[in-house]
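S.K.:
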Amino acid sequence: MNCDVARTLIPEYLAGSLARGEMLQIQAHTTSCRNCYAELESLEQTWRTLGEWPDEEPDERMSRNFYHMLESFQQGIQASDRGKQPVRGPDRWFHRVSRSPLFPAVLAAATLMLGLLLGGRAGGPRAGDMDNLRNDLSEMTRLVSLSLMEKESAADRLNGVRYVSRLEKPDNRVLDTLLRILENDSSVNVRLSAAEALYHLRDLPEVRSGLVLSLSRQDSALVQSALIDCLVAINTPDAAESLEELIADRETDPLVKEKAELGLMEIQ
Amino acid sequence: MRTTLIILLAGLLPAFAQDDPITFSYTRPDQPGKLIVRLNNGGIQVSGTDGDELIVNIDVPKSSAKPKDSKAEGLRHLASGTALEIVEEDNVAEIHVKSHETTTNLNIQVPRRTSLVLSTHRNGNIAVSDVTGDMELEAHAGDISVKNVSGSVLAHSLRGEITATLTGVTPGRAQSFSTLQGDVDVTLPPSVAAEFCMESQFGEVFTDFEIEMTGTRISGGKRDRNGRFQLGLEKALYANVNGGGPRFDFKSLKGNIYIRTLSSSGSKK
Chain A
385 MNCDVARTLI PEYLAGSLAR GEMLQIQAHT TSCRNCYAEL ESLEQTWRTL GEWPDEEPDE
445 RMSRNFYHML ESFQQGIQAS DRGKQPVRGP DRWFHRVSRS PLFPAVLAAA TLMLGLLLGG
505 RAGGPRAGDM DNLRNDLSEM TRLVSLSLME KESAADRLNG VRYVSRLEKP DNRVLDTLLR
565 ILENDSSVNV RLSAAEALYH LRDLPEVRSG LVLSLSRQDS ALVQSALIDC LVAINTPDAA
625 ESLEELIADR ETDPLVKEKA ELGLMEIQ
Chain B
19 MRTTLIILLA GLLPAFAQDD PITFSYTRPD QPGKLIVRLN NGGIQVSGTD GDELIVNIDV
79 PKSSAKPKDS KAEGLRHLAS GTALEIVEED NVAEIHVKSH ETTTNLNIQV PRRTSLVLST
139 HRNGNIAVSD VTGDMELEAH AGDISVKNVS GSVLAHSLRG EITATLTGVT PGRAQSFSTL
199 QGDVDVTLPP SVAAEFCMES QFGEVFTDFE IEMTGTRISG GKRDRNGRFQ LGLEKALYAN
259 VNGGGPRFDF KSLKGNIYIR TLSSSGSKK
């Protein structure tokens with residue numbers, strides 16, 4: 385399968401409407417082709433996230449921007465339709481997508497992209513527009529991350545935790561969710577991932593105190609091990625005290641205890 | 019539609035093996051399903067087939083015999099406290115074994131496109147083969163073995179080893195393998211595009227993938243009480259493979275990490 389064919393079929397692959405043979409071909413192709421893989425990943429993420437978008441009331445500014453972009457999109461479609469024959473691949477894709485319950489959300493995403501494109505053609509976006517766009521993108525990443533971290537599938541929650549690293553300034557809701565995952569998630573692997581994400585945010589006071597408190601509540605030896613790394617990096621008297629408690633606890637795994645002792649030496 | 023099967027294992031005596039396997043199907047057999055099994059004591063073996071049915075075989079090994087009850091002398095043993103409950107609803111099947119004492123091993127055949135959530139607490143290994151889907155596997159004391167699977171795998175074993183051979187990965191999906199004491203030995207298709215995070219506190223890391231190191235997280239070392247030099251506590255290596263992609267974690271505290279490329283014949287190199 386070549387890239388042109390693969391890209392025509394990727395939307396149908398995501399919609400689950402491909403025959404098994406074509407599905408396997410797409411999987412094989414995207415495993416080896418970086419560009420098509422990137423396209424698949426990007427579209428998949430968009431579909432996945434927009435499908436479970438949290439119900440939030442748009443503020444006035446967002447509504448204004450949206451209707452402006454929608455208008456641009458409609459103008460763009462009318463302009464591009466004049467004197468052009470429809471192309472089979474995209475037309476077929478549009479037909480499929482338009483029947484999807486996600487269509488309004490996909491339309492909004494497409495509108496955003498087209499709005500950008502039109503803006504670029506008209507002489508480039510202004511600095512203010514770029515700032516707004518950056519903010520919108522950051523807000524979208526935040527919502528994607530929060531949405532994924534609440535999912536039933538551990539693989540989704542793992543991806544959600546990874547998304548936090550793309551946020552410049554995670555807000556309290558994101559931090560609370562991360563700390564909750566660190567303490568309660570049913571999957572040790574997801575908890576490990578949350579410990580790593582919080583390690584990188586350890587300069588924030590609420591994260592520091594959350595990590596120090598969390599060590600005594602962990603029942604997984606491997607997560608305890610990851611938290612020792614966090615506490616050594618935090619390097620405060622509270623962190624040292626928490627390590628001492630872990631060492632004194634009879635239930636602590638001998639390997640974890642050895643690591644905690646080494647950690648305590650690094651702090652002192 | 020919700021279907022519930024409760025099998026009272028009245029004859030669940032030592033060395034018991036149910037002669038007739040329990041068979042059931044997903045509500046919509048033409049679509050991928052999900053199987054959830056959480057065992058307190060025992061092993062779980064799941065293998066994918068081309069059929070539409072789930073087939074459950076139960077085995078109670080002789081070694082799990084309880085001490086003889088002297089009060090029961092001369093009486094026939096009719097029931098133990100063990101029951102198997104299977105609930106299927108909306109293509110999600112859940113199996114519970116209600117027994118804390120008796121070791122109960124389950125051997126389950128599933129349609130190939132099945133996602134799995136399997137955990138075993140006290141004893142027993144988890145073995146999965148020939149399945150496509152998302153897999154969450156957790157074994158407290160035993161090993162985890164994954165063969166000829168495609169999809170995404172999150173595997174954690176506390177005391178055991180993890181051995182996994184993936185013939186395909188779901189694009190964009192993270193993978194994660196972690197153990198406290200055992201080795202992590204994972205074989206992946208050579209064309210896989212990912213960011214590897216490899217971390218072993220006291221062990222070694224090996225791979226035959228062409229990797230492009232993107233960073234390390236090694237804290238400063240110092241001498242311990244016996245004067246031995248100890249490399250920093252944190253020892254994580256980050257590398258892109260085939261240009262990078264979703265994160266694949268390989269973590270062990272004490273064991274070694276082996277990441278291998280799958281040869282074209284489907285075997286480890």
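Top line first, the protein sequences correspond to chains A and B. Basically this note's numbering = 1-based index in the first sequence + 384. Basically this note's numbering = 1-based index in the second sequence + 18. For glycine and all other residues, C-beta sits at the position ideal for the given N, C-alpha and C.
1. Checking 8 Å against the spacing of the C-beta atoms, do B/Pro129 and B/Pro39 come in under that value?
2. List the residues of chain A that B/His174 touches, going by C-beta distances under 9 Å, in chain order.
3. What number of angstroms, rounded off, separates the C-alpha of B/Leu176 from the C-alpha of A/Leu530?
4. Assign B/Asp203 to one of three DSSP states: helix, strand, or coil.
5. In this structure, how does DSSP classify B/Arg140 when only helix, strand and coil are distinguished?
6. For B/Val210, which residues in chain A fall below 8 Å Cβ to Cβ?
7. Check whether chain B comes within 8 Å of A/Leu599, counting only Cβ atoms and requiring the distance to be less than that.
8. Please report how far the alpha carbon of A/Ser609 lies from the alpha carbon of A/Leu402, in whole angstroms.
9. Please classify A/Thr417: does DSSP put it in a helix, a strand, or coil?
10. Which chain A residues are close to B/Arg130, counting only those with a beta carbon under 7 Å from its beta carbon?
11. In whole angstroms, give me the CA-to-CA distance for A/Ile565 and A/Leu576.
12. Could you work out which residues of chain A lie near B/Arg265, taking near to mean beta carbons separated by less than 9 Å?
13. Starting from B/Thr8 and walking both ways along the beta strand (DSSP E), at which residues does that stretch end?
14. Are B/Thr197 and B/Gly142 closer than 8 Å when you measure CB to CB?
15. So does the region 255 to 263 of chain B actually touch the region 577 to 597 of chain A, counting three or more Cβ pairs closer than 8 Å?
16. Which whole-angstrom value is the C-beta distance of B/Gln219 and B/Lys253, which I expect to be below 8 Å?
17. Closest Cβ-Cβ distance between A/Glu428 and chain B: below 8 Å?
18. Does DSSP put B/Gly169 in a helix, a strand or coil?
19. Quick one: which chain B residues come within Cβ less than 7 Å of A/Ala539?
20. Just the chain B side, please: which residues come within less than 7 Å of A/Gln411 by C-beta, in chain order?
21. Say whether the region 154 to 171 of chain B touches the region 70 to 77 of chain B, bearing in mind that this needs 3 or more beta-carbon pairs closer than 8 Å, one atom from each stretch.
22. Suppose you measure from the CA of B/Asp148 to the CA of A/Arg592; what does that come to, to the nearest Å?
23. Can you list, in chain order, the residues of its chain with a C-beta nearer than 7 Å to that of B/Pro189? Leave out the 5 residues immediately preceding and following it.
24. By a C-beta neighbour count over all protein chains shown, 10 Å radius and 16 as the cutoff for buried, is A/Asp475 buried or exposed?
25. Anything in the region 614 to 639 of chain A with a Cβ closer than 9 Å to a Cβ of chain B? List those residues in chain order, please.
26. Leaving aside the five residues before and after A/Leu427 along the sequence, list all residues of the same chain whose C-beta is less than 7 Å from its C-beta, in chain order.
27. When you compare the CB of B/Lys272 with every CB in chain A, is at least one pair closer than 8 Å?
28. For the beta strand (DSSP E) that B/Pro129 lies in, which residues bound it at each end?
29. To the nearest angstrom, how far is the alpha carbon of B/Ile229 from that of B/Ser137?
30. Tell me the DSSP secondary structure of A/Phe457 in three-state form.
31. With 8 Å as the C-beta to C-beta threshold (strictly closer), list the residues of the region 56 to 71 of chain B near chain A in chain order.
32. Could you please give the first and the last residue of the uninterrupted alpha helix (DSSP H) stretch that includes A/Glu645?
33. Pull up the distance between the alpha-carbon of A/Pro554 and that of A/Leu646, whole angstroms please.
34. Establish whether the CB of A/Glu425 and some CB of chain B are separated by less than 8 Å.
35. What span of residues does the beta strand (DSSP E) with B/Tyr276 cover, start to end?
36. Between the C-alpha atoms of B/Ser270 and A/Ala390, what's the straight-line distance to the nearest angstrom?
M.R.: Per the coordinate set shown:
1. Their beta carbons are not under 8 Å apart, which means B/Pro129 does not touch B/Pro39 by this criterion.
2. For B/His174, the chain A residues whose C-beta falls within less than 9 Å of its own C-beta are Ser571, Val572, Asn573, Leu576, Ser604 and Leu606, listed in chain order.
3. Annotation: B/Leu176 to A/Leu530 spans about 29 Å, alpha carbon to alpha carbon.
4. The three-state secondary structure of B/Asp203, taken from DSSP, is strand.
5. B/Arg140 sits in coil when the DSSP states are folded into three classes, being neither helix nor strand.
6. In chain order: Thr415.
7. No, its Cβ sits nowhere closer than 8 Å to a Cβ of chain B.
8. Taking the straight line from one Cα to the other gives about 45 Å.
9. The residue asked about is misnamed: residue 417 of chain A is Cys in this sequence, not Thr. Reduced to three states, the DSSP call for A/Cys417 is coil.
10. At a beta-carbon threshold of 7 Å, none of the residues of chain A lie near B/Arg130; the nearest stands roughly 11 Å away.
11. Taking the straight line from one Cα to the other gives about 9 Å.
12. Near B/Arg265 (Cβ distances below 9 Å), the residues of chain A are Leu542, Asn543, Arg546 and Ser577.
13. As displayed, chain B neither begins before 19 nor continues past 287, which places residue 8 of chain B out of reach and without an answer.
14. Result no, Cβ atoms of B/Thr197 and B/Gly142 do not sit closer than 8 Å.
15. Taking 8 Å as the limit for Cβ pairs, the verdict is that the region 577 to 597 of chain A does not touch the region 255 to 263 of chain B.
16. Confirmed, about 6 Å.
17. For A/Glu428, the closest Cβ of chain B is nearer than 8 Å.
18. B/Gly169: strand per DSSP, three-state reduction.
19. In chain order: Asp152, Ser170, Leu172, Arg191 and Ala192.
20. Correct list: Gly186.
21. With the cut-off at 8 Å, the region 154 to 171 of chain B and the region 70 to 77 of chain B do not touch.
22. When rounded, the distance between both Cα atoms is 44 Å.
23. Same-chain partners within the cutoff: there are none.
24. In this prediction, A/Asp475 has a pLDDT of 44, which is less than 50 and means its spatial position is unreliable; what the coordinates show is noted afterwards. So A/Asp475 counts as exposed.
25. Those residues of the region 614 to 639 of chain A that come within reach of chain B (Cβ to Cβ, closer than 9 Å) are Val616, Ala617, Asp637 and Leu639.
26. Around A/Leu427: Ile394, Pro395 and Leu398.
27. B/Lys272 counts as touching chain A.
28. Taken as a continuous stretch (DSSP letters only), the beta strand (DSSP E) holding B/Pro129 covers Asn123 to Pro129.
29. Whole-angstrom Cα-Cα distance: 33 Å.
30. Because A/Phe457 carries a pLDDT of 46, less than 50, the predicted location of this residue cannot be relied on, and the following value inherits that uncertainty. When secondary structure is reduced to three states using DSSP, A/Phe457 falls in the helix class.
31. Interface annotation for the region 56 to 71 of chain B against chain A: empty, criterion Cβ-Cβ distance under 8 Å.
32. It spans Pro638 to Ile651 - the alpha helix (DSSP H) in which A/Glu645 sits, taken as one unbroken run.
33. Answer to the nearest angstrom: the Cα atoms are 31 Å apart.
34. Yes, A/Glu425 counts as interfacial toward chain B.
35. Boundaries of the beta strand (DSSP E) harbouring B/Tyr276: Ile275 to Thr279, taken from the DSSP string.
36. Going from the Cα of B/Ser270 to the Cα of A/Ala390 covers about 38 Å.
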